[in-house]
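Chains U and E are the protein sequences, given in the same order.
Here this note's numbering is used: the first residue of the first sequence is 1, the next is one more, and so on.
Here this note's numbering is used: the first residue of the second sequence is 1, the next is one more, and so on.
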Amino acid sequence: MRSRRIVIGVLLTAGLAVGGLAIGTIASAAVMQSTPPVASSSTDDGRLQPQEYPKNASGQTYGSAFGATWETIPDLVLVITDQGGEGFVPREAVFVPPAESPDAALGVSARSEQIDATDSDGKTVVGTYTLDPGTSSQE
Amino acid sequence: MTRKRTIGRSAIVALILGVLVGSAPGIAYAAVYSPYITWSSSPYAYKGRSGVNGGSGVYAIGQVAKNASGTVPAGYMGAGAYLYKQNSNGTTFALCKSATVTYTTAATSLYNRFTSGSCGSGNYRGLGLLYTYNANDGLYNVHGANNSPAQGGS
Numbered sequence: 001m002r003s004r005r006i007v008i009g010v011l012l013t014a015g016l017a018v019g020g021l022a023i024g025t026i027a028s029a030a031v032m033q034s035t036p037p038v039a040s041s042s043t044d045d046g047r048l049q050p051q052e053y054p055k056n057a058s059g060q061t062y063g064s065a066f067g068a069t070w071e072t073i074p075d076l077v078l079v080i081t082d083q084g085g086e087g088f089v090p091r092e093a094v095f096v097p098p099a100e101s102p103d104a105a106l107g108v109s110a111r112s113e114q115i116d117a118t119d120s121d122g123k124t125v126v127g128t129y130t131l132d133p134g135t136s137s138q139e
Numbered sequence: 001m002t003r004k005r006t007i008g009r010s011a012i013v014a015l016i017l018g019v020l021v022g023s024a025p026g027i028a029y030a031a032v033y034s035p036y037i038t039w040s041s042s043p044y045a046y047k048g049r050s051g052v053n054g055g056s057g058v059y060a061i062g063q064v065a066k067n068a069s070g071t072v073p074a075g076y077m078g079a080g081a082y083l084y085k086q087n088s089n090g091t092t093f094a095l096c097k098s099a100t101v102t103y104t105t106a107a108t109s110l111y112n113r114f115t116s117g118s119c120g121s122g123n124y125r126g127l128g129l130l131y132t133y134n135a136n137d138g139l140y141n142v143h144g145a146n147n148s149p150a151q152g153g154s
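1. Between the region 105 to 119 of chain E and chain U, which residues of the former have a C-beta closer than 7 Å to a C-beta of the latter?
2. Starting from ALA99 of chain U, find everything on chain E with Cβ-Cβ shorter than 9 Å and list it in chain order.
3. What would DSSP say about ASP82 of chain U, mapped onto helix, strand or coil?
4. On the premise that PHE114 of chain E lies in contact with ALA81 of chain E, defined as a C-beta separation below 8 Å, what is that separation, rounded to the nearest angstrom?
5. Whose CA, out of E:CYS96, E:HIS143, E:SER118, lies closest to the CA of LEU129 of chain E?
6. Check whether the region 85 to 95 of chain U and the region 111 to 121 of chain U are in contact - that is, three or more C-beta pairs closer than 8 Å.
7. What are the partner residues of ARG111 of chain U, as DSSP defines its beta bridges?
8. Residues in its own chain within less than 7 Å of GLY54 of chain E by CB, not counting five upstream and five downstream?
9. Short of 8 Å Cβ to Cβ, which residues in the region 35 to 49 of chain E face chain U?
10. Where does PRO133 of chain U fall in DSSP's three states?
11. From MET183 of chain E to SER64 of chain U, what distance separates their C-alpha atoms?
12. Alpha carbon to alpha carbon, what distance is there between SER121 of chain E and GLU71 of chain U?
13. Does the beta carbon of TYR33 of chain E come closer than 8 Å to any beta carbon on chain U?
14. In the DSSP output, what is TRP39 of chain E paired with across the bridge?
15. Going along chain E in order, which residues have a C-beta closer than 8 Å to the C-beta of ILE80 of chain U?
16. Who are PHE88 of chain U's beta bridge partners in DSSP?
17. Assuming ALA65 of chain U is part of the alpha helix (DSSP H), what are its boundary residues?
18. Nearest chain E C-beta to ASN65 of chain U closer than 8 Å, yes or no?
19. What residue does the alpha helix (DSSP H) around ALA81 of chain E start on, and which one ends it?
20. In its own chain, which residues sit with a C-beta less than 7 Å from the C-beta of ASN147 of chain E, not counting the 5 before and 5 after it?
21. Using a 10 Å radius around the Cβ and a threshold of 16 neighbouring Cβ atoms, would you call PRO98 of chain U buried or exposed?
22. Is ALA93 of chain U helix, strand or coil when you go by DSSP?
23. DSSP three-state label for ALA169 of chain E, please.
24. Comparing C-alpha positions only, which one of U:GLN60, U:GLN83, U:GLY84 sits nearest to VAL77 of chain U?
25. In the structure shown, what three-state DSSP assignment does ASN94 of chain E receive?
26. Taking 8 Å as the cut-off, does the region 94 to 111 of chain U touch the region 94 to 108 of chain E (at least 3 CB pairs, one atom from each stretch)?
27. Tell whether a beta-carbon distance below 8 Å holds between ILE61 of chain E and ALA31 of chain E.
28. Taking the alpha-carbon positions, what's the ASP121 of chain U to GLY48 of chain E distance?
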């Protein structure tokens, strides 16, 4: 009886180890494979680089804000809409200008409104984009 | 003989059970961060970074902290967190979730802002947009931290 328990215990442990190792290997390979090529707007170490954006007929720049600096964020920012497609929203809607003072900052609350997402023309509505109230913590 | 068979059967069951339990999904992801950037907004020095926590329930982190011991007054630090997802052809990242800036509400040394929700399965990166008050000119300085490394998530 005792030897039976030992055998079962050893094999259970071995099974856990083999299973965990296999999944760990698969997961690690998946993460390595999934590491994307860095966007052209960003260097390999993730530093931000200015980039050129196309302009629409209204003269608004548009594109992904990924890799942009505060100064170079395009007028229309590429988003994934609530409907799962791609669209553009005004930069001020998502990259909010700072408060006017620390006192005013205390009154700033998380935003969660839904805004229209447009085509790159800035006019044709293609869906909606909802701001994420998110969460925060302070220490 | 019967006892040996029973042990053998139990052993096989234990092995299979072990493999199944060991293979169960539930891979623990830890947040990965960009290197810190540092700057000064008079009279304090700050540091900040972006993070992303992959796996199920992926989220981005924007983190700003005083770059020394002690705290800064309420409202002096703020952060927004942005979760980007790589598009299907792998050429760029589109903004998936935007947790716009909120500020500290008490004297504090570190502030984190997190997104919630995702845009389905894919590769994600986080970006922190960090706001610090400069008492010299009475304005906020806004710094985009470096992009976080990519992580798979959903």
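Glycine included, every Cβ here is placed at the ideal spot set by N, Cα and C.
These figures come from a predicted structure and were not determined experimentally.
In terms of the structure at hand:
1. So the close ones are THR105, ALA106, THR108, SER109, LEU110, TYR111, ASN112, ARG113, PHE114, THR115, SER116, GLY117, CYS119.
2. The contacting residues are GLY75, GLY78, VAL101, TYR103, TYR131, TYR133, TYR140.
3. coil
4. 6 Å
5. E:HIS143
6. yes
7. Paired residues: none, contrary to the question.
8. TYR29, TYR124, GLN151, GLY152, GLY153
9. Those residues of the region 35 to 49 of chain E that come within reach of chain U (Cβ to Cβ, closer than 8 Å) are PRO35.
10. coil
11. Outside the shown range of chain E, which is 1 to 154, sits residue 183 of chain E, and nothing can be said about it.
12. 31 Å
13. no
14. E:TYR46
15. LYS85, ALA94, LEU95, CYS96, CYS119
16. U:LEU78, U:THR118
17. Counting along the chain, ALA65 of chain U falls outside any alpha helix (DSSP H), and DSSP gives it neither H nor E.
18. First, the amino acid is wrong: residue 65 of chain U is Ala here, not Asn. By this cut-off, ALA65 of chain U is an interface position.
19. Per DSSP, ALA81 of chain E belongs to no alpha helix (DSSP H); it is in the beta strand (DSSP E), 77 to 86.
20. SER34, SER50, ARG125, LEU127
21. buried
22. helix
23. Outside the modelled stretch of chain E, which goes from 1 to 154, sits residue 169 of chain E, for which no answer is possible.
24. Selected option, being the one with the closest Cα: U:GLN60.
25. The amino acid at residue 94 of chain E is misidentified as Asn; the sequence shows Ala. Three-state DSSP puts ALA94 of chain E in a strand.
26. yes
27. yes
28. 35 Å
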